[in-house]
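Just so you know, our numbering puts 172 at position 180 of the sequence shown, and the rest follows in order with no gaps.
No residue lacks a Cβ here, since even glycine has one placed at the ideal position from N, Cα and C.
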Amino acid sequence: MKEITLGKSKITTCQNAFGALPIQRVSDVEAVKILHRAYEGGMRFFDTARDYTDSEHKVGLAFSHMRDKVFIASKTIAKTPEKFWEDLETSLSMLKTDYLDLYQLHCVDKCYREDDDLYQCLLEAKRQGKIRHIGITAHKLGVAEEIAESGLYEVLQYPFSYLSSDREIELVKTCEKNDVGFLAMKGLAGGLITNSKAAMAFMTDYNVLPIWGVQRMSELEEWLSYMEDTPTMDEEITEFIEEERKALDGEFCRGCGYCMPCPMGIQINQCARIHLMIRRAPAEGWLGEYWQKEMENTKNCTGCGQCIEKCPYSLPVPDLLKENYEDYIDVLKGAAK
Ligand code: SF4
Ligand code: SF4
């Protein structure tokens, strides 16, 4: 497994990092077991966020006694200096540490610059030694491009997988050119990618650090197996990815959930892409009573457009819901025959 240096931060680690969002869903004991196993298996970079409920607490439980052995990144969704400092102090206390290796403005809708209070907060936190490096996460390509060009951030976090567009691949190259570290989130495209070997092989072609969201030990073992036996873009994987890109061409929902909540209670992040889930994952669960009810609820969409404004890909959600509903009913009828 090769090593990646995250731009100007000079943080250097193997190209296989841990995303701590999903450990919110397991007990403290299980989370600590998973985190310790990740460390034993060679992972050194752990990404959490103030917004991931108790994830920071669990990372703190696992690593506070060996703080200097790991890199810990966290994030804040603060929009004011008061909230920034409150979040930073809470993160430090949850993580039982006096510094973060990387602190990121979380899911921004613009590139915060020198004349923005939040950017000044990052500089001040760095001056005080509470954070070592300055980062930012974005989901909108235009915003990410502006960040990559700005020279203001040491690290950018952005969704990246083998389903990324040519323009997104250009973004990675811009970051490399400008010495901005690139953290690749959503390397499995929100569950659409089920071939971890191909996902990992794709990353090895780029100067990015993938942070894989891990909830189960079995998932972790899959990622750890690539430490020794790192897949590469051989002929078979290249052909496979080509086929995948053709199959998922065009507008599709990545399942990120940034468009939610919907005032009508529609689970947009699954219902707007259920046609893919029933074909790419075991269909049984998706065709059960629970999802049938959720799909029926999509008929209550009023077309208010709130979701379209919030979707980083500006997807036409009401149309997607309608198409997915019609397809779902057809599949259900077929399954019932
Ligand atoms: S357009 Fe439909 S799905 Fe989107 S927020 Fe409004 S009601 Fe919900
Ligand atoms: S509609 Fe857009 S914001 Fe909502 S889950 Fe899908 S990709 Fe994400």
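Item	Value
Measure the Cβ-Cβ separation of E160 and F152 and say whether it is below 8 Å.	yes
Just to confirm, are E146 and I123 a CB contact at a threshold of 8 Å?	no
Note down the Cα distance separating E235 from C113, rounded to an integer number of angstroms.	46 Å
If distances are taken between C-alpha atoms only, which option among F63, E288, G205 and K169 comes closest to C6?	F63
Where does L324 fall in DSSP's three states?	helix
Name the two residues that bound the continuous beta strand (DSSP E) containing K25.	No beta strand (DSSP E) contains K25, which is instead part of the alpha helix (DSSP H) from D20 to E32.
Look at the Cβ atom of E48, then the Cβ atom of S19, and state whether they are nearer than 8 Å.	no
So the beta strand (DSSP E) L144 belongs to, where does it begin and stop?	Taken as a continuous stretch (DSSP letters only), L144 belongs to no beta strand (DSSP E), as it is neither H nor E.
Within 10 angstroms of the Cβ of A327, are there 16 or more other Cβ atoms? Answer buried if so, exposed if not.	exposed
Comparing C-alpha positions only, which one of T68, I26 and M58 sits nearest to T45?	T68
Is V100 helix, strand or coil when you go by DSSP?	strand
Could you check the C-alpha separation between A193 and M(-7) for me, to the nearest Å?	11 Å
For ligand 1, is there a heavy atom less than 7 Å away from the beta-carbon of Q149?	no
The alpha helix (DSSP H) spanning K67 covers which residue range?	Segment F63 to T68 is the beta strand (DSSP E) holding K67; no alpha helix (DSSP H) there.
May I ask whether a heavy atom of ligand 2 can be found less than 7 Å away from the beta carbon of I266?	no
Name the one or two DSSP bridge partners that G11 has.	D39 and G205
If the criterion is Cβ atoms closer than 8 Å, does the pair C299 and I260 meet it?	yes
Output the boundary residues of the beta strand (DSSP E) element that contains E286.	First-last for E286: E281 to N289, but that is the alpha helix (DSSP H), not the beta strand (DSSP E).
Less than 8 Å separating the beta-carbons of P202 and M195?	yes
So the beta strand (DSSP E) C6 belongs to, where does it begin and stop?	I3 to C6
Check whether the Cβ of M256 lies closer than 7 Å to any heavy atom of ligand 1, and answer yes or no.	yes
What separation, rounded to the nearest whole angstrom, lies between the Cα atoms of R246 and G121?	37 Å
So, C167 versus G11, is the Cβ gap smaller than 8 Å?	no
Is it buried or exposed for Y320, if we count other Cβ within 10 angstroms and need 16 for buried?	buried
Return helix, strand or coil for T186, following the three-state DSSP convention.	coil
Identify the residues that DSSP records as bridge partners of G173: which are they?	V147
Report, in whole angstroms, the separation of the C-beta atoms of F174 and N199, which I expect to be a contact under 8 Å.	7 Å
Taking 8 Å as the cut-off, decide whether the C-beta atoms of L216 and G52 are in contact.	no
Let me check you understand the geometry: is the CB of C245 closer than 7 Å to at least one non-hydrogen atom of ligand 2?	yes
Can you tell me the Cα-Cα spacing of A130 and I139, whole angstroms?	9 Å
Name the DSSP beta bridge partners of A130, please?	V100
May I have the straight-line CA-CA distance separating L307 from F244, to the nearest angstrom?	8 Å
Locate the alpha helix (DSSP H) running through T(-3), then write down its first and last residues.	Looking at the DSSP string, T(-3) is not in any alpha helix (DSSP H); the run it does join, the beta strand (DSSP E), is E(-5) to L(-2).
Express the C-alpha separation of L180 and K188 in angstroms, rounding to a whole number.	Residue identity check: residue 188 is Ser in the sequence provided, not Lys. So the alpha carbons of these two residues sit roughly 8 Å apart.
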